[in-house]
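Here is the structure we will look at.
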Amino acid sequence: MAGFRQRAPARVDIAMVVHPSVTLFVDLSEGDSLVYDAHGRRECGSTVVGLVPHDPRLGGRATGGIECLQIRLSPVLAVAVLGASADLSGTVVSLEDVWGRDAGRAEDRLRAATSWDERFTIAVDALGRRLSARPSLDPEVAAAWRLMLTSRGRVRVDSLANEVGWSRKRLWSRFRSQIGLTPKHAARLVRFDHAAHLLAAGNAAAQVAPASGYVDQAHLHREVKAFTGVTPTAVAAAPWLAIDDVAWPTSFADLPPSTPPIRQVPAK
35 MAGFRQRAPA
45 RVDIAMVVHP
55 SVTLFVDLSE
65 GDSLVYDAHG
75 RRECGSTVVG
85 LVPHDPRLGG
95 RATGGIECLQ
105 IRLSPVLAVA
115 VLGASADLSG
125 TVVSLEDVWG
135 RDAGRAEDRL
145 RAATSWDERF
155 TIAVDALGRR
165 LSARPSLDPE
175 VAAAWRLMLT
185 SRGRVRVDSL
195 ANEVGWSRKR
205 LWSRFRSQIG
215 LTPKHAARLV
225 RFDHAAHLLA
235 AGNAAAQVAP
245 ASGYVDQAHL
255 HREVKAFTGV
265 TPTAVAAAPW
275 LAIDDVAWPT
285 SFADLPPSTP
295 PIRQVPAK
């Protein structure tokens, strides 16, 4: 999780870049709410963005400044915490629609907190209480997702099926019904995310393509276009990615699932 704050009134219009997580945005801004838009679906205030939303954007104007807590959940945890992962894929929904009245209560507690550390503690508590009350997905599906992450998306579906002891057909069916994407699409998303961060770090597309497992630069271009609608050059300059190394340090990227949430707040 990460906290973001801009004290001065500001107008926001940022193209978000898809990420292999289900993302919670808890809007703590004063005045007008932030607006999240994905493929014509608009939501104000605290929001949940599922896997691979279409053309996601963050916009609006906060007259009293911007303050937001962003929480990234792996699809595996999203099932346990939100009770859904597949249902959220490709869209953006109100946090209240997913959490009910618990969303408002958690938001009130977060607004009343006097520090980011206190907010992180409140958020961990809220997530933990829901985690203990929710069923998890099949361990084979969870294992397949972890293999995708460790391989950075460079894994074949047949290999995944062999690793978890299922047939390809069964893995395809169960993974799609519980995660919301087919195993192949999920692996593409993880591979794209790795490539996008290499581009944002200043690496040339010609170098990023083979380093990320693409056949050639044209293949990378097609995949970036498919996930973002823009070119690799535009992704490299995306403001959404520019803050990632501050808010989500890359040194934590490969930590095991049991590691506590990252508590990082960018400079005020």
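Under our numbering, think of the first position of the sequence shown as 35, with each following residue one higher.
Idealized CB from N, CA, C, for every residue including glycine.
Distance CB(residue i)-CB(residue j) smaller than 8 Å
i	j	result
A239	L254	yes
L205	V191	yes
E77	S128	yes
Q212	A120	yes
R139	G37	no
R222	G247	no
P109	V52	no
G263	D89	yes
A157	L165	no
V189	L107	no
Rounded separation between residue i and residue j - CA only
i	j	result
L171	A112	10 Å
Q251	V115	38 Å
N237	A137	40 Å
A178	R210	12 Å
W150	P244	40 Å
A234	E130	33 Å
L215	L183	15 Å
A176	L161	19 Å
A146	G134	20 Å
E257	P54	15 Å
L232	T148	36 Å
A230	V224	10 Å
M35	T155	11 Å
V249	T265	17 Å
Q298	R163	Any answer about Q298 is weak, because its pLDDT of 42 lies below 50 and its placement is not dependable; what the coordinates show is given next. Roughly 22 Å separates the two Cα atoms.
D159	H219	32 Å
T293	L68	Note that T293 has pLDDT 38, beneath the 50 cutoff, so the model's placement of it is unreliable and no number is given.
N- and C-terminal bounds of the alpha helix (DSSP H) containing residue i
i	result
E197	V191 to V198
P266	P266 to A270
D151	W150 to L165
D279	D278 to A281
T184	P173 to T184
S246	Per DSSP, S246 belongs to no alpha helix (DSSP H) and is neither H nor E.
H219	P217 to A234
A140	R135 to A146
R188	Unbroken run through R188: none, as it is neither H nor E.
Contacting residues, own chain, Cβ-Cβ under 8 Å from residue i (five flanking each side not counted)
i	result
I48	R91, L92, G93, P273 and W274
V132	V82, L116, G117, A118 and L122
K324	For the chain, the structure presents residues 35 to 302; residue 324 sits outside this window and is missing.
6 Å Cβ shell around residue i - same chain, five flanking residues per side excluded
i	result
E101	R39, L62 and S63
L58	V82 and I105
R41	G99
E174	V198 and W200
F226	E257 and F261
M50	P90, L92 and W274
Nonlocal neighbours in the same chain, by C-beta distance under 7 Å from residue i, ignoring five residues either side
i	result
S141	One point to set straight first is that residue 141 is Glu, not Ser, in the sequence displayed. Same-chain partners within the cutoff: V60 and S80.
A195	S201, R202 and L205
H228	R186, G187 and S246
T125	A72, R75, G84 and P87
P217	A178, V191, L194, L205, W206 and F209
A270	L233 and A234
L103	M35, G37, V60, L62, L144, R153 and A157
For residue i: DSSP bridge partner residues
i	result
E77	Y70
L58	V82 and I105
I48	L92
I100	Q40
Segment limits, beta strand (DSSP E) that includes residue i
i	result
A36	A36 to Q40
S128	V126 to S128
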